[in-house]
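> 942 is the number that full-length UniProt numbering gives to position 942 of the sequence shown; each next residue is one higher, with no gaps.
By construction, the Cβ of each residue, glycine as well, lies at the ideal position given by its N, Cα and C atoms.
There's a structure below that I have some questions on.
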Amino acid sequence: MIKNISRKSLLILFTIIIISCNSNVKSPLSGPVFTSLDATQTNIDFVNSIKDERNANILIYESFYNGGGVAIGDINNDGLQDLYFAGNQVGDKLYLNQGDFVFKDITDSAGILNKGGWSSGVTMVDINNDGHLDIYVCKTLYDESPDLRKNELYINNGNGTFTENAAKWGLDDVWRTMDSVFLDYDNDGLQDVFIVNQPPNPGFLSPLRGQNWLQPQFSCRLLKNKGNVFEDVSEQAGVLQKGYGLSATASDFNNDGHIDIYVANDYDTPDFLYINQGDGTFTNEINESMGHISYFSMGTDAGDINNDGLSDLVTLDMVASDNYRLKANMSGMNPDKFWSIVNAGGHYQYMFNTLQLNHGLDSDGQLKFGDIAQMSDISRTDWSWSPLIADFDNDGHKDIFITNGIKKDLRNNDAVKKSEKFFHKKIQEFAQKNPDTRIRDYLEVVDYNELIDILPSKKLSNFLFHNTADLTFTQKQEEWGLATPSFSSGAAYGDLDNDGDLDLIVSNVDAPPFIYKNNSSGHEGGNFIKIKTENEKGLNLNGVKVTLEYNGKKQFAESRSSRGFYSSSDNTVHFGTNDVTNIEKILVDWPNGKQTILNNVKVNQTLVVNIKEGIEPVPNSSSEPIFVADNNNGIDFSHQENSYDDYAKELLLPHKMSTQGGGSAVGDINNDGIDDIYFSGAKDQAGALYVSGPSGKYTRFNQNDFERDKSYEDMGALFFDADNDKDLDLYVASGGNESEDLKYYQDRLYINDGNGNFSNKTQKHLPQITISGSKVRQNDIDGDGDLDLLICGRQNPGNYPLPTSSLILINEGGQFVDKTSEIAPELLDLGMVTDAIWSDFDKDGIKDLIVVGEWMPLTFLANENGKLVDKTSGLGMQDKTGWWFAIEEGDFDNDGDMDYLIGNLGLNYKYKASPEEPFEVYAKDFDENGSLDIVLSYYENGISYPVRGRQCSSEQMPFIKDKFKDYDAFASSSLTEVYQSTGLNDAFNLKANSFASVLIENVEGKSFVPHTLPNYTQISSINDFLVQDFNNDGFLDFLYGGNLFNAEVETAKNDAGVGGLMLGNGKLQFNIYPKEKSGFLSDKEIKEILNLNNKEGQKIILNANNAPVQTFIF
């Protein structure tokens, strides 16, 4: 509801009337979304100039080029948003908005001081609850001058002037504050503050270099607002942890009514995810909630990017967006350092931006995120600083703006080496001329300007990622008018002209700020609604959650100001509504637990809503989820991988091949009518058999032969009647990548004595098998009434990616005979098979075979008179190559034939593939040292390049360092230029043309049409499906699960997947069923999803690599 209060609200109402009078104007936007306004139009003449000086330069302070922040807020309550710019070596500036993008510099008259300090972050917030925005300015740098590092608090006097009063309020911190986040963490109505501090950050010529500055006194701080002073409660709140804090954001990530805090830490200290416990304390749950994070974390922001009512999170790093800068400016990840951080209790940190999709809570109440930055195409934006999540074109979906650029390329590999060489040369020359003089200050010997001039400099464009509403984004900075190259740092947004769209302010180094006017509103699809939230005194209120509901959709946002990097935006809640003109319902959830509901609200207006209008919310009548976790059924198996370093022998492997296990088998082994289950063990771990008892609970039934055989690595397993004695025997495939002794790849057959006791009878019943296998699939291939077997060959151990054979074992009276050459010669050296299915794909009444695998096409083998004949090319499947991991059948369009779900790597991985630009692997002894070398390649703008950089490539193939003397030469070279002289054309070569998981539509058994599955299924690899009509509507649905954890350290783990339930409509279309309703969520590396029939009903078993088994009741 709208209140008529103050001149400010009158102006807002006047703006609403003007907009409403023009609401029928729906002309499409003809020009760019943003128009850049210069100082002649705005009167903003601030320039954040940074000059390296003798006692303050990039060689002394590594954060010297970080730039400054900007704050947006209405300091005089006239309804117009004003601007504050933080200066580094120049004074801060405060500009009053006079309307129509004309500003007045009131810095001096307002009482803003310039004491010579280095301002970093700035926030506008009403600290003393008097109805006027105050200004908090963070200070850093200047190690020898703590007085210059005192943060400043400007109290708004309400008359256009401010009084600096940080000391009185206990906010004059001197610990090198980068940024601040104001939040009401204890819901008492007062704004508390989280201070983002960073330890001394010495450059390589700093006198502080070489000391351990990662100490508690330099940690971030939480200060509680006591009404007239702030009290440090960091230790008792649990947030006094060591790290190189650079930014932070606050949001109620788990929707429990208490604000949480995410802290982005630079360098190798992991970020913090502080979950508010509701009792004044926080718990860092980063390891439990996120599979991996950024390495050099910069700016961060939270917002709901997929309109599901949950806050997602973006964090920036500094990896380059193109091949040349990627290889020229960044060294490879150090595996030893990477694992030392992980093993010390840190986290998996990768040099990529992360976009953490909020999956909500799992069955244990643990918050789960998944990084989708690779699929969203925002993972690489170079040296980036500030991300802002907001709807910049009013289309109803939040976009992401990212600032970019640093004054000098500090990590240019060649320049760093050249500068080190120059430095040591100068030192050596001085020592030779002055043998008896001790150097006390290197800058007396080395000209810092000469040293700095060695570093290259290049301005870069900022990024605007437009939300395409399917978890992906499209770059629009050029089209939207935001692509001017710059050294941009802090940024903020707000509606500066009250026209209903968000304008952008960007602070630049050595250049005037960008003032971008947004042109979206008033045009076709440019509708909006804004909500200002107030407390009982009519004062601006942070931490309020607002949800819109209309046309079966919803949007969600929070009122808060601190966002991005060093900056604060207007905290008015803004929603674009595209062409929607009426909002059915607006829900305002207040920090005190009450709620305001507004119905049938017209768009293109600003609402002012007060907390005193809130009422107790009606409890949700939520029903029990479809799948309920079952933790007390007696199944306590946990797969435990042995320690083995695949990369010691195969340095350039894309992922470990020794961690592919996690097989299982379901069957009634004792003929009591209830399913039992076997779990495959890893190497040196015995497999485990669980038998159902009368109560429905399971008991582990120990088997001596399982224990004796634990030296094998179990892979796939199968219960079947091998000897036709009416009970189920057990076949276990052996696999792995560790052993050079072929005996450990011998599969095993365990014969059931009828009572569930199993004995290893391999020598009696099986031929010698030396392939490293994966799955086992049964079928009566020869039609003689007993079950024959397909053994899927997974890999050629130690020789990735060379193919191996899969086998056909024919059951001849309980003896299994290898008849692959006779029945299916196409299976010999077929490839790296991950899964297969016996299915009548050609509708002739006989089961055929479909085989999938890594680097393989979808391979179709028809059963013709007992022979398996390759039909792949005839069906047009020969080019459907990928990293396929799973296949399952189902008649998803109810037309009487089987369609096929096929799980692939997914679209959320560093590697990309298309028919035009495939992802490739080459294998050959390139350096002729007697070992197989691996070269992975990818395309950029039609040119193929090596995936790996000069450093790690040369560790495997030393000739590269000799051929390419510097990083620039290697970075400038294509794959052919790097390897052609080594006989690249003669190398073993495989291509992947797609990494998308698909549904293959069967058209009368004569042709197959691939349909890409929805993007929710593409956020990680899919390792298994379970097909069933879960909602009983007559159409098949499916559960899916996956992930691929053990990638090499320069490739982020494929860990964003938490599985899911996809509901089918009988037309080969699927929609994700909300996880809070399905209850199905698992962030493990799921290998198999099994259906287990039990006295208690149907159970869903999730078997994962290196993790405990999970069970759900359906």
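Looking at A733 and F816, is the spacing between their C-beta atoms short of 9 angstroms?
Walking along the sequence shown from the start, residue 816 turns up at place 816. Walking along the sequence shown from the start, residue 733 turns up at place 733. Cβ atoms of F816 and A733: not closer than 9 angstroms.
> If you reduce the DSSP assignment to three classes, tell me which class F218 lands in.
Along the sequence shown, read from residue 1 onward, the residue named residue 218 stands at position 218. Three-state result, F218: helix.
> List the residues that DSSP assigns as beta-bridge partners of M856.
Walking along the sequence shown from the start, residue 856 turns up at place 856. Answer is G882, bridged to M856.
> Given 8 angstroms as the limit, tell me if S569 has its C-beta closer than that to any heavy atom belonging to the ligand HEM.
Here there are no bound small molecules, and the ligand HEM is not part of this structure.
> Nearest by alpha-carbon distance to S520: which of Y678, V1003, F679 and L29 is it?
The sequence position of residue 520 within the sequence shown is 520, counting from 1. For the residues Y678, V1003, F679 and L29, the minimum Cα distance to S520 belongs to L29.
> Just tell me which of Y566, F1038, Q555 and F528 has its CA closest to the CA of N604.
Working through the sequence shown from its first residue, we reach residue 604 at position 604. When only C-alpha atoms are compared, the closest one is F528.
> Determine which residues share a DSSP beta bridge with K532 and list them.
Start at 1 with the first residue of the sequence shown, and residue 532 comes out as number 532. Looking at the DSSP assignment, K532 forms a beta bridge with V608.
> In chain order, what residues of the same chain lie with their CB nearer than 6 angstroms to the CB of G1064, ignoring the 5 residues before and after it?
Counted from its first residue, the sequence shown places residue 1064 at position 1064. Cβ neighbours of G1064 beyond the five flanking positions: F892, F1035, L1036, D1037 and F1070.
> My parser needs the beta strand (DSSP E) runs of 3 or more residues fully inside the stretch 977–1039; what are they?
Counting whole runs of 3 or more residues, the stretch 977–1039 contains the beta strand (DSSP E) stretches 988–992, 998–1003, 1007–1012 and 1022–1028.
> Here's the rule I'm using: 16 or more other beta-carbon atoms within 10 Å means buried, otherwise exposed. How should D741 be labelled?
The sequence position of residue 741 within the sequence shown is 741, counting from 1. D741 should be labelled exposed.
> Give the C-beta separation of G494 and I72 to the nearest angstrom, bearing in mind that I take them to be a contact with Cβ-Cβ under 8 angstroms.
The count along the sequence shown starts at 1 and reaches residue 494 at position 494. The count along the sequence shown starts at 1 and reaches residue 72 at position 72. Confirmed, about 4 angstroms.
> Given a cut-off of 9 angstroms on the beta-carbon distance, is the pair L827 and I850 in contact?
The sequence position of residue 827 within the sequence shown is 827, counting from 1. The sequence position of residue 850 within the sequence shown is 850, counting from 1. Not in contact: L827 and I850 (Cβ atoms no closer than 9 angstroms).
> Closest by CA to S363, which one among N1106, S1082 and G1097?
Here residue 363 refers to the residue found at position 363 when the sequence shown is read from its first residue. Minimum Cα distance to S363 is reached at S1082.
> Would you mind reading off the limits of the alpha helix (DSSP H) that contains E822?
Start at 1 with the first residue of the sequence shown, and residue 822 comes out as number 822. That run of the alpha helix (DSSP H) goes T820 to I823.
> Residues bridged to G73 by DSSP?
As a working note, residue 73 is residue 73 in the sequence shown. BP columns for G73 point to D82.
> For the 8 angstroms Cβ check, are there 3 or more pairs between the stretch 502–514 and the stretch 31–45?
Yes: at least three Cβ pairs fall under 8 angstroms.
> Rounding to the nearest angstrom, what Cα-Cα distance links K226 and G278 in this structure?
Here residue 226 corresponds to residue number 226 of the sequence shown, with the count starting at 1. Here residue 278 corresponds to residue number 278 of the sequence shown, with the count starting at 1. Between K226 and G278, the C-alpha separation is close to 18 angstroms.
> Excluding the 5 residues flanking Y939 on each side, which residues of the same chain have their C-beta closer than 7 angstroms to its C-beta?
Counted from its first residue, the sequence shown places residue 939 at position 939. E917.
> Can you confirm whether the stretch 567–581 touches the stretch 484–492 when touching is taken to mean that 3 or more C-beta pairs between the two stretches lie within less than 8 angstroms?
Yes: at least three Cβ pairs fall under 8 angstroms.
> Give the straight-line distance between the Cα atoms of E797 and L766, rounded to the nearest whole angstrom.
Position 797 of the sequence shown, counted from the start, is the residue given in the question as residue 797. Position 766 of the sequence shown, counted from the start, is the residue given in the question as residue 766. Before going further, note that residue 797 is Pro rather than Glu in the sequence given. Going from the Cα of P797 to the Cα of L766 covers about 22 angstroms.
> Count the CB pairs spanning the stretch 609–621 and the stretch 1075–1090 that are closer than 8 angstroms, and state whether there are at least three.
Contact between the stretch 609–621 and the stretch 1075–1090 is absent, because fewer than three Cβ pairs lie under 8 angstroms.
> May I ask you to list the residues that DSSP assigns as paired with P387?
Here residue 387 refers to the residue found at position 387 of the sequence shown. I402.
> So within the stretch 497–583, which uninterrupted beta strand (DSSP E) runs reach at least 3 residues, ignoring any that extend past its ends?
Correct list: 503–508, 514–518, 527–534, 544–550, 553–559 and 573–578.
> Quick one, which of G882, M957, K965 and S994 has its alpha-carbon nearest T982's?
Walking along the sequence shown from the start, residue 982 turns up at place 982. Of G882, M957, K965 and S994, the residue nearest in Cα terms is M957.
> In the DSSP assignment, the alpha helix (DSSP H) including Y448 goes from what residue to what residue?
Position 448 of the sequence shown, counted from the first residue, corresponds to residue 448. Counting along the chain, the alpha helix (DSSP H) containing Y448 begins and ends at Y448 to D453.
> Residues in the same chain with beta-carbon distance under 7 angstroms from Q1018, minus the five sequence neighbours each way, listed in chain order, please.
Reading the sequence shown from its first residue, position 1018 is the one you call residue 1018. Counting only Cβ-Cβ distances below 7 angstroms, and skipping sequence neighbours, we find M375, G906, L907, N908, A996 and S997.
> Tell me whether P146 sits in a helix, a strand or coil according to DSSP, three-state version.
One-based indexing of the sequence shown puts residue 146 at position 146. Here P146 sits in helix by DSSP.
> Do the stretch 826–845 and the stretch 963–982 meet, that is, are 3 or more Cβ pairs less than 8 angstroms apart?
Result no; under three Cβ-Cβ pairs closer than 8 angstroms.
> By a C-beta neighbour count over all protein chains shown, 10 Å radius and 16 as the cutoff for buried, is D336 buried or exposed?
Locating residue 336 in the sequence shown gives position 336, where the first residue counts as 1. With fewer than 16 Cβ atoms within 10 Å of its Cβ, D336 is classed as exposed.
> Do you know offhand how far Q768's Cα is from D382's?
Numbered from its first residue, the sequence shown carries residue 768 at position 768. Numbered from its first residue, the sequence shown carries residue 382 at position 382. Whole-angstrom Cα-Cα distance: 54 angstroms.
> Enumerate in chain order the residues of its own chain whose CB-to-CB distance from I406 is below 7 angstroms, with the five nearest sequence positions on each side excluded.
Counted from its first residue, the sequence shown places residue 406 at position 406. Closer than 7 angstroms at Cβ, skipping near neighbours: Y65, W383 and F487.
> Measuring CA to CA, which of S507, F988, S1007 and S937 is closest to S49?
Along the sequence shown, one-based indexing puts residue 49 at 49. The shortest C-alpha separation from S49 is found at S507.
> Reducing DSSP to helix, strand and coil, say where M375 ends up.
As a working mapping, residue 375 is identified with position 375 in the sequence shown. Residue state, collapsed to three classes: helix.
> If you scan the stretch 94–157 from start to end, which runs of the alpha helix (DSSP H) of 4 or more residues do you find wholly inside it?
Runs found: 107–110.
> Does the Cβ-Cβ distance between S109 and M178 come in under 9 angstroms?
Counting from 1 along the sequence shown, the entry for residue 109 is found at position 109. Counting from 1 along the sequence shown, the entry for residue 178 is found at position 178. Against a cut-off of 9 angstroms, the Cβ pair of M178 and S109 comes out as no contact.
> Can you grab the Cα-Cα spacing for the pair C21 / G522, in whole Å?
Position 21 of the sequence shown holds residue 21. Position 522 of the sequence shown holds residue 522. Note on C21: pLDDT 39, under 50, position unreliable in the model; the coordinate value appears next. If I take the Cα positions, the gap works out to 11 angstroms.
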